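Its first residue numbered 0, the sequence shown is counted upward by one per residue in numbering that gives the first Met the number 0. Down below is the structure, laid out as structure tokens.
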Amino acid sequence: MNTFAAKLALYLTALNYQGPTDAIKDYVDYNSEFYENDEFVVTAKYAYWWFQKNTAEALVFLNDPQKKESLGIVASLLADLNEKRALLVLQTRLKDLTNPVT
């Protein structure tokens with residue numbers, strides 16, 4: 000159910016949903032406690048950050064050297080929001096990653 004809920008939140012971004020996003024925030028907060036960097040949580044974070052146009056938190060996530068998974072999801076968000084500052088962060092992170100595909 001968690002994977003489906005995260006994808007549903009992501010699909011709402013494609014539909015240009017205009018309603019409240021409190022449920023997505025609650026979902027992210029609750030699941031981050033147990034599954035912080037799992038793909039489904041980061042997918043839901045993408046949706047929440049997209050609705051909030053929050054590039055600051057996404058940049059912090061991407062710039063954190065402890066984070067090694069789901070970086071592509073966050074990089075996609077920053078590209079979708081046309082965040083130019085992400086380019087330098089991505090160039091720096093690529094030097095540190097042993098498997099930059101993930």
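For glycine and all other residues, C-beta sits at the position ideal for the given N, C-alpha and C. In this text, all values refer to a predicted model and were calculated from it rather than measured experimentally.
Residue from 26, 42, 71 whose Cα sits closest to the Cα of residue 96
Residue 96 has its Cα closest to that of 71, out of 26, 42, 71.
Helix, strand or coil: which one does DSSP assign to residue 37?
Reduced to three states, the DSSP call for residue 37 is coil.
Can you round the beta-carbon distance between residue 24 and residue 47 to whole angstroms, since I take them to be within the 8 Å contact cut?
Contact flag correct, Cβ pair sits at about 6 Å.
Does the contact criterion of 3 or more C-beta pairs under 8 Å hold for the region 42 to 56 versus the region 75 to 92?
Verdict: yes, contact present.
Using 7 Å as the threshold, is the C-beta distance between residue 31 and residue 41 below it?
Cβ distance not < 7 Å, so residue 31 and residue 41 don't count as in contact.
Which same chain residues, not among the five before or five after residue 60, have their C-beta less than 7 Å away from its C-beta?
The residues are 66, 73.
If you draw a straight line from the alpha carbon of residue 90 to that of residue 75, how long is it in whole angstroms?
Approximately 14 Å, taken between the alpha carbons.
If you run the structure through DSSP and keep just helix, strand and coil, what is residue 75?
Here residue 75 carries a helix assignment [DSSP, helix/strand/coil].
Separation of residue 69 from residue 36, as counted between CA atoms
Going from the Cα of residue 36 to the Cα of residue 69 covers about 7 Å.
Residues of its chain near residue 57, where Cβ-Cβ distance is below 7 Å and the 5 sequence neighbours each way are ignored:
Excluding five sequence positions before and after residue 57, the CB atoms of its chain that fall closer than 7 Å to its own CB belong to 48, 73, 76, 77, given in chain order.
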